[in-house]
Amino acid sequence: MTIVVGLVTTKALATMLGPDGIGLIGLLQSLVGMVALVAGMGIGAALVREGAVAIANENGARLAALRSAAWLLVWVLGGLGGLVLVLLRDPLSRLVIGTPSQAQSVALMGAALLFGLASSVQTGLLNAHHRVAALAKGASIGSILTAFVMICFVWFLGIRGVGYGIVAGAVVAWAVTRYFYTHELRWVSATAALDVRRAASSLLHFGVPYTGSMMVGTGVQLAIPVLVLHQLGQKDVGFYRAATTISVTYLGFLLSAMSQDYFPRVSAVNADPVALNNLANQQLRLVLLLTTPMVLGVLALAPFLIPIVYSPAFSPTVQILEWQLIGDILKLLSWTLSFILLAHSGSGRYFISELSAGLVTLVTSWFGMRWFGLPGLGLTAPVTYAVYYLVVSALLRRTVRPTWSLENRLMLVGALAASLTIRLLPMVGLGQIRTPVALTLAAIAAFGSALVLWREIGRPVPTWTRRLGSHA
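When the letters of the sequence shown are read in order and numbered with numbering that gives the first Met the number 0, they come out as residues 0 to 471.
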């Protein structure tokens with residue numbers, strides 16, 4: 000549902016606004032994301048990690064204290080972040096948007112920030128309780144409603160409605176998660192102020208280093224559109240934004256599942272290296288079976304999808320998207336281990352891994368644009384996630400010692416070989432057979448994955464997996 004709604008929304012906005020308008024949306028969302036990283040202080044992720052442990056230990060008082068502390072921190076820190084956006088709207092508009100004319104939109108992002116942080120608390124608590132069904136329903140309903148309000152604002156106000164649409168979308172997303180939050184969870188009141196202070200300290204103890212990790216990792220990703228703006232221009236930001244939107248959208252459900260299902264499970268057994276290794280292999284096997292056909296399929300159809308999903312004016316997006324798709328395979332591989340690193344080793348080592356990814360992203364993006372222009376941005380993804388995987392593996396080697404099964408290694412090599420073959424065919428003068436070869440490889444991968452998954456429907460779940468699920 001989220002993917003379908005995302006495609007419809009993308010098409011509508013691209014038709015109404017063009018590359019410049021899509022670029023503006025990307026820049027404003029990047030601004031909110033960067034401020035949210037600092038103001039949020041990792042509270043959402045800390046809630047999942049600490050809450051999952053409290054639930055596994057059946058410690059209701061601890062969970063209630065974590066909940067109260069999270070709301071206190073979000074309103075204080077989020078309020079300060081919103082105030083900064085309002086007071087510094089003019090310089091931020093010049094820095095992030097490239098013009099002072101969007102100062103009002105920057106100020107509006109303060110409201111989007113507050114509602115976004117409030118949503119993160121609600122989803123974090125649902126996540127800690129492993130309410131995956133509620134999270135899935137909320138994501139589907141929220142995507143429909145936020146898309147509707149954004150399209151309405153742009154339809155009636157044109158590009159002036161972008162800022163209002165982002166704020167309205169944040170409010171709607173908060174309202175949807177609030178509904179599931181109040182109907183799915185029942186709470187014990189935390190009346191002891193000392194317990195709340197201790198819980199706040201615990202959340203910040205994890206969240207502050209985590210925020211540093213996000214700033215040097217995800218924060219760099221959010222800052223790339225601003226770098227593109229100053230290096231190439233707002234229209235090129237629109238092309239880059241279009242590519243990353245497709246890359247994120249078609250795998251969005253898997254990335255959400257990893258944070259909403261996989262992370263709570265590895266958090267609940269973070270001290271058991273054997274269980275963590277088993278979970279990692281199980282997770283990687285699943286994501287490779289599901290994503291390999293999708294990556295190859297989107298690679299095959301990218302030259303035709305971009306004009307359909309956006310418009311013919313977005314054709315330069317294809318060159319970025321193709322390399323990002325190859326990077327997505329390495330992204331899921333490295334994320335499988337990075338969640339274990341976060342749950343098992345805490346924020347310190349996670350900071351090192353995110354710092355490495357951020358530095359590589361920044362360096363490759365800078366030199367990629369200087370040497371190759373817009374297409375150079377695409378090369379960033381596979382290089383970044385290859386380095387990221389090597390760093391995360393090294394950080395886990397002494398404790399968890401992750402070891403991939405033979406089946407996983409073969410599937411990974413096959414996925415990378417097939418995707419690189421598709422991408423490189425035009426570069427060696429065989430562009431005329433690119434699409435038939437790509438479609439053939441995608442069909443083979445889809446048939447093989449479907450066969451494996453079908454055979455495993457009804458297979459008894461291993462005892463250790465059932466135990467992990469009950470703890471989570």
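The C-beta atom is built at its ideal place from N, Cα and C for all residues, glycine as well.
DSSP, read as helix, strand or coil, puts S314 in coil.
Pairing V4 with S142 gives a Cβ-Cβ distance under 9 Å. Between the alpha carbons of G39 and A45 lies a gap of roughly 10 Å. In this structure M149 is buried. Its beta-carbon is surrounded by 16 or more other beta-carbon atoms within 10 angstroms. In this structure L424 touches V436 by the C-beta definition: roughly 6 Å separates them, less than 8 Å.
Put simply, the backbone Cα of V294 is about 7 Å away from that of I325.
The three-state reading of DSSP puts W403 in coil, since its state is none of H, G, I, E or B. The criterion of a C-beta distance shorter than 9 Å is satisfied by T379 and W322. Within the model, the alpha-carbon separation for L304 versus A414 is close to 21 Å.
Under the three-state reduction of DSSP, V268 is assigned to coil, being neither helix nor strand. According to the DSSP assignment, M108 belongs to the alpha helix (DSSP H) that extends over 102–127.
One thing to note: Y180 has its Cβ within 9 Å of the Cβ of Q121. By the criterion of a C-beta distance shorter than 7 Å, A441 is surrounded in its chain by P292, L295, G296, A299, once the five residues flanking it on both sides are discounted. Of all alpha-carbon atoms in G430, T290, Y163, T145, the one lying nearest the alpha-carbon of F446 is that of T290.
Of all alpha-carbon atoms in S29, T1, Q431, the one lying nearest the alpha-carbon of V227 is that of S29.
Note on geometry: alpha-carbon atoms of T210 and T439 lie some 43 Å from one another.
Going by DSSP, M426 is part of no alpha helix (DSSP H) at all; its letter is neither H nor E. The criterion of a C-beta distance shorter than 9 Å is not satisfied by P208 and T398.
Three or more beta-carbon pairs separated by less than 8 Å are not found between the region 216–223 and the region 74–88, which leaves the two stretches without contact. In the three-state reduction of the DSSP assignment, N58 falls in the coil class. When secondary structure is reduced to three states using DSSP, Y309 falls in the coil class, being assigned neither helix nor strand. Contact annotation: I54 and A110 have beta-carbon atoms that are not nearer than 9 Å. The alpha-carbon of G237 is positioned some 46 Å away from that of R61.
Contact annotation: L71 and V195 have beta-carbon atoms nearer than 9 Å. The shortest C-alpha to C-alpha distance from A13 to any of A356, S352, K234, V265 is the one to K234.
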